[in-house]
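Numbers given in my numbering equal positions in the sequence shown, counted from 1, plus 1.
Here a beta-carbon is modelled for each residue, glycine too, at the ideal position from N, C-alpha and C.
Worksheet: one structure, shown below.
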Amino acid sequence: SFEKTRVAGSIASGALDEVSKIIKPGVSTDEIDKLCYEYIGDHGAYSAPLFYRGFPKSCCTSVNHVVCHGIPSSKILKEGDILNVDVTALKNGWHGDTSRMYEVGKVSVKAKKLIEITYQSMMKAIKILKEDICLGDIGFEIQEHVEKNGCSVVQDFCGHGIGESFHKEPNILHYGKKGTGEKLKAGMIFTIEPMINLGKFETKILNDGWTAVTKDKSLSAQFEHTVGITKDGCEIF
Ligand code: MF3
Ligand code: CO
Ligand code: CO
């Protein structure tokens, strides 16, 4: 339900607000994980990533060329790093999934531009959402903006339906053609979570079985919102 997703989404978003207060050189990604675990628990919710398909932590921390699913560890953040923190709260049986980018101290102009283009691409897609548009229209908005700016869209991971399950149909591709794919219906709830690379789009998974990185080691950025479709627009949870 929209009501329950709204509650879960606001807890997830609140956790990311807290993360922004501790990000600085010298902080470890384990400290970010601990903060998310505690904030979400203190709000009567579960961290859905914890033990999800064997994932060992409560959030994903994806630094620099890590595309997604980075595992929090004793790794220390340093000046100039960029990272995505991705949290998912499970409350009253419903999920809210969101992620943001953070800058550690002063970061390069290129990194800032990548982060800005990634955020803009997600928001451009969100702006067109309403009943009866096609899934391909979403991917088109993102891909057009990203490629116009000389960056690339990761194809190996996608957004997803969400609700009482963490990941369900449909897949939300972040690239595509206008007028193709399934039509949206009011009441659908899904995520939009484009992963955008400064270099080429290809990724590979490290030996830990989770961490996805860019093959060419270029920087990668991601934002994620959980959204609910209405007759004439959408709600961002
Ligand atoms: N939150 C991620 C997503 O946006 C999924 C993380 S699954 C985990 O879908 F196991 F890696 F945590
Ligand atoms: Co997601
Ligand atoms: Co997520």
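Practice item. Can you check DSSP and say which residues form a bridge with Cys241? Key: Lying outside 2 to 238, the shown extent of the chain, residue 241 is not represented and no answer is given.
Exercise for review: Give a yes or no on whether the C-beta atoms belonging to Val68 and Ser221 are separated by under 8 Å.
Suggested key: yes
Check your understanding: Does any heavy atom of ligand 2 sit closer than 7 Å to the C-beta of Thr212?
Key -> no
Review point. Using a C-beta cutoff of 8 Å, does Ile163 count as contacting chain C?
Key: The structure shown has no chain C; it contains just one protein chain.
Exercise for review: Using only the heavy atoms of ligand 3, determine whether one of them is closer than 7 Å to the beta carbon of Thr89.
Suggested key: Indeed, a heavy atom of ligand 3 lies less than 7 Å from the Cβ.
Review point. Start and end of the alpha helix (DSSP H) containing Ser221?
Key: In the DSSP assignment, Ser221 falls outside any alpha helix (DSSP H) and within the unbroken beta strand (DSSP E) covering 221-223.
Point to revise | Paired residues, beta bridge with Trp211 - DSSP | key: Partner(s): none; Trp211 has no beta bridge.
Review point. Do Lys5 and Gly94 come within 8 Å of each other at the CB atom, strictly closer than that value?
Key: yes
Point to revise | Cα-Cα separation between Ile118 and Ile83, rounded to whole angstroms | key: 14 Å
Review point. Do Phe202 and Ser122 come within 8 Å of each other at the CB atom, strictly closer than that value?
Key: no
Check your understanding: So, is Ile206 buried or exposed, given that buried needs 16 or more other C-beta atoms within 10 angstroms?
Key -> It counts as exposed.
Check your understanding: What does DSSP give as the partner residues of Arg7 in its beta bridges?
Key -> Per DSSP, none; premise fails for Arg7.
Check your understanding: Using 8 Å as the Cβ pair cut-off and three pairs as the minimum, do the region 166-181 and the region 30-41 touch?
Key -> no
Review point. Whose C-beta lies closer than 8 Å to the C-beta of Val1 among residues of the same chain, with five residues either side of it excluded?
Key: Residue 1 falls outside the range modelled here, since the chain spans only 2 to 238, and no answer is possible.
Exercise for review: Quickly, what does DSSP pair Glu198 with across the bridge? List them, please.
Suggested key: It should be noted that the sequence gives Asn, not Glu, for residue 198. Its beta-bridge partners are Ser153, Ser221.
Exercise for review: May I have the straight-line CA-CA distance separating Pro171 from Gly162, to the nearest angstrom?
Suggested key: 5 Å
Check your understanding: Do you know offhand how far Glu148's Cα is from His44's?
Key -> 40 Å
Review point. Which full runs of the alpha helix (DSSP H) of 4+ residues lie inside the region 109-174, going along the chain?
Key: 110-129, 136-149
Review point. Name the DSSP bridge partner or partners of His44?
Key: Note: His44 sits in no beta bridge, so no partner.
Review point. Going by other Cβ atoms of all chains shown within 10 Å of its Cβ, with 16 needed for buried, is Pro73 buried or exposed?
Key: buried
Check your understanding: Quick one: what does DSSP say Glu80 is sitting in, helix, strand or coil?
Key -> coil
Review point. From Gly160 to Gln223, what distance separates their C-alpha atoms?
Key: 11 Å
Check your understanding: Between Ser100 and ligand 3, is the CB less than 7 Å from at least one heavy atom?
Key -> yes
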